[in-house]
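Participant: One structure coming up, written as structure tokens, with questions to follow.
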Amino acid sequence: MLNYLSSLNPVLLALLAGIFTWACTAAGASLVFFFKNLNKKWGNIMLGFAAGVMLAASFWSLLAPAIEMSKDLGKFSFVPALVGFLLGGIFLRVIDRIIPHLHFGFPEQAKEGPKTSLRKSILLVLSITIHNIPEGAAVGVAFGAVITGDTETLITAIVLALGIGIQNFPEGAAVSIPLRGEGLSRRKSFWYGQLSAVVEPVFAVIGAVLVVFVTPILPFALAFAAGAMIFVIVEELIPESQVEGSTDLATAATMAGFAVMMVLDVALG
Numbered sequence: 343m344l345n346y347l348s349s350l351n352p353v354l355l356a357l358l359a360g361i362f363t364w365a366c367t368a369a370g371a372s373l374v375f376f377f378k379n380l381n382k383k384w385g386n387i388m389l390g391f392a393a394g395v396m397l398a399a400s401f402w403s404l405l406a407p408a409i410e411m412s413k414d415l416g417k418f419s420f421v422p423a424l425v426g427f428l429l430g431g432i433f434l435r436v437i438d439r440i441i442p443h444l445h446f447g448f449p450e451q452a453k454e455g456p457k458t459s460l461r462k463s464i465l466l467v468l469s470i471t472i473h474n475i476p477e478g479a480a481v482g483v484a485f486g487a488v489i490t491g492d493t494e495t496l497i498t499a500i501v502l503a504l505g506i507g508i509q510n511f512p513e514g515a516a517v518s519i520p521l522r523g524e525g526l527s528r529r530k531s532f533w534y535g536q537l538s539a540v541v542e543p544v545f546a547v548i549g550a551v552l553v554v555f556v557t558p559i560l561p562f563a564l565a566f567a568a569g570a571m572i573f574v575i576v577e578e579l580i581p582e583s584q585v586e587g588s589t590d591l592a593t594a595a596t597m598a599g600f601a602v603m604m605v606l607d608v609a610l611g
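So for the sequence shown, the numbering used here puts the first residue at 343; every next one is plus one.
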């Protein structure tokens, strides 16, 4: 199976992986057809788990490989990872400033970005959409790295896509069900819930194309995706998971998500 996958174009693999992670979000969002409300405690647990998975993936699937690929630089092998990491955070900060959005669990007065008359539900969806950009880019860069012909790199990319897909399922529910609570119909709540992840296959392809055609940027690109994901974790997921109590449960879920992704990456990668 691995031999067959390694024979495919890395960009195609990235697209398929991006579609998989989007489909996991859509599957989670479909829970809105069965539940009208999401207990805040469970919402915090879902967000905490997602934060843990992304945190572990940022290191084992992205930063560590970026440093390993730069080992020829000797004691300066950290430079590409450092530069890419910081640029990823800066990129998300810029996106944060130019796209209006509102984080779940926060009052409408706390909306960020330029002034807008968009409805609260749209602002909430835009918040998750921004958060999904680095996930798609991470998957794309990881599969773009398969151009090196290393089977271990392919396994790492598959594990990363699997980990992001796992955390996208509860995340999809954590988006669509609250939208239902905001007064949207079940169909519209599902539509917006899955729509927030459509950027993942798009940015997966963009990330893969950049790496395939400009291979030397690979360590920078891996670290860039990691920096963008860490920005999202610290700026969005962890604060949202700590809103309205259940902080201990949310923290435990973050630890659990980190452990699951660590095991997947180390055991399978």
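Ideal Cβ positions, reconstructed from N, Cα and C, are used throughout, including at glycine. This one's a predicted model, so the numbers in the text were calculated from it and none came from an experiment.
Excluding the five sequence neighbours on either side, which residues of its own chain have a C-beta within less than 7 angstroms of the C-beta of residue 460, listed in chain order?
Facilitator: Numbered from its first residue, the sequence shown carries residue 460 at position 118. Closer than 7 angstroms at the Cβ level, and outside the excluded window around residue 460, lie 442.
Participant: Between which residues of its own chain and residue 511 is the CB-CB distance below 8 angstroms, once the five residues before and five after are set aside?
Facilitator: The sequence position of residue 511 within the sequence shown is 169, counting from 1. Counting only Cβ-Cβ distances below 8 angstroms, and skipping sequence neighbours, we find 366, 367, 369 and 370.
Participant: Expressed to the nearest angstrom, what Euclidean distance is found between the alpha-carbon atoms of residue 407 and residue 602?
Facilitator: Mapped onto the sequence shown, residue 407 falls at position 65. Mapped onto the sequence shown, residue 602 falls at position 260. Rounded to whole angstroms, residue 407 to residue 602 spans 19 angstroms at the Cα level.
Participant: Please state the DSSP three-state secondary structure of residue 450.
Facilitator: Residue numbering aside, residue 450 sits at position 108 when the sequence shown is read from its first letter. If DSSP states are grouped into helix, strand and coil, residue 450 belongs with the helices.
Participant: Quickly, what does DSSP pair residue 443 with across the bridge? List them, please.
Facilitator: Locating residue 443 in the sequence shown gives position 101, where the first residue counts as 1. For residue 443, which the question treats as bridged, DSSP gives the partners 454.
Participant: What number of angstroms, rounded off, separates the C-alpha of residue 359 from the C-alpha of residue 597?
Facilitator: Your numbering for residue 359 matches position 17 in the sequence shown. Your numbering for residue 597 matches position 255 in the sequence shown. Cα-Cα distance, rounded: 25 angstroms.
Participant: From what residue to what residue does the alpha helix (DSSP H) around residue 559 run?
Facilitator: Taking the sequence shown and counting its residues from 1, the one referred to as residue 559 is at position 217. No alpha helix (DSSP H) contains residue 559, which DSSP labels as neither H nor E.
Participant: Which term fits residue 642, buried or exposed, when burial requires 16 or more other beta carbons within 10 angstroms of its beta carbon?
Facilitator: The requested residue 642 does not occur in the structure, where the chain is confined to residues 343 to 611.
Participant: Starting from residue 529, trace the alpha helix (DSSP H) both ways and give me its first and last residue.
Facilitator: Here residue 529 corresponds to residue number 187 of the sequence shown, with the count starting at 1. It spans 528-537 - the alpha helix (DSSP H) in which residue 529 sits, taken as one unbroken run.
Participant: Along the chain, where does the alpha helix (DSSP H) that runs through residue 521 open and close?
Facilitator: Here the question's residue 521 lines up with position 179 in the sequence shown. Counting along the chain, the alpha helix (DSSP H) containing residue 521 begins and ends at 493-523.
Participant: When you compare only the Cα positions, how much space is there between residue 610 and residue 376?
Facilitator: Taking the sequence shown and counting its residues from 1, one reaches residue 610 at position 268. Taking the sequence shown and counting its residues from 1, one reaches residue 376 at position 34. The alpha-carbon atoms of residue 610 and residue 376 are separated by roughly 34 angstroms.
Participant: Short check: CB of residue 486 to CB of residue 550, under 8 angstroms?
Facilitator: By one-based count along the sequence shown, residue 486 stands at place 144. By one-based count along the sequence shown, residue 550 stands at place 208. Yes. Within cutoff.
Participant: Beta carbon of residue 426, beta carbon of residue 563: below 8 angstroms?
Facilitator: Taking the sequence shown and counting its residues from 1, the one referred to as residue 426 is at position 84. Taking the sequence shown and counting its residues from 1, the one referred to as residue 563 is at position 221. In contact: residue 426 and residue 563 (Cβ atoms closer than 8 angstroms).
Participant: Measure the beta-carbon distance from residue 395 to residue 535 and round it to whole angstroms, keeping in mind my assumption that it falls under 8 angstroms.
Facilitator: Position 53 of the sequence shown holds residue 395. Position 193 of the sequence shown holds residue 535. Not a contact, Cβ separation roughly 19 angstroms.
Participant: Should residue 350 go down as buried or exposed, given a rule of 16 or more other Cβ atoms within 10 Å for buried?
Facilitator: One-based indexing of the sequence shown puts residue 350 at position 8. Its Cβ having fewer than 16 others within 10 Å, residue 350 is exposed.
Participant: Let me confirm a value: residue 354 is counted as buried when at least 16 other C-beta atoms fall within 10 Å, else exposed. Which label applies?
Facilitator: In the sequence shown, residue 354 corresponds to position 12, counting from 1. Classification for residue 354: exposed.
Participant: Give a yes or no on contact between the segment 462-475 and the segment 534-548, applying the rule of three or more CB pairs nearer than 8 angstroms.
Facilitator: These segments touch.
Participant: In three-state DSSP terms, what is residue 571?
Facilitator: Position 229 of the sequence shown, counted from the start, is the residue given in the question as residue 571. Residue 571: helix per DSSP, three-state reduction.
Participant: In this structure, does DSSP put residue 350 in helix, strand or coil?
Facilitator: By 1-based counting over the sequence shown, the position of residue 350 is 8. Coil.
Participant: Three or more C-beta pairs under 8 angstroms: does that hold for the segment 449-458 against the segment 522-531?
Facilitator: No, because fewer than three Cβ pairs between the segment 449-458 and the segment 522-531 fall closer than 8 angstroms, the two stretches do not touch.
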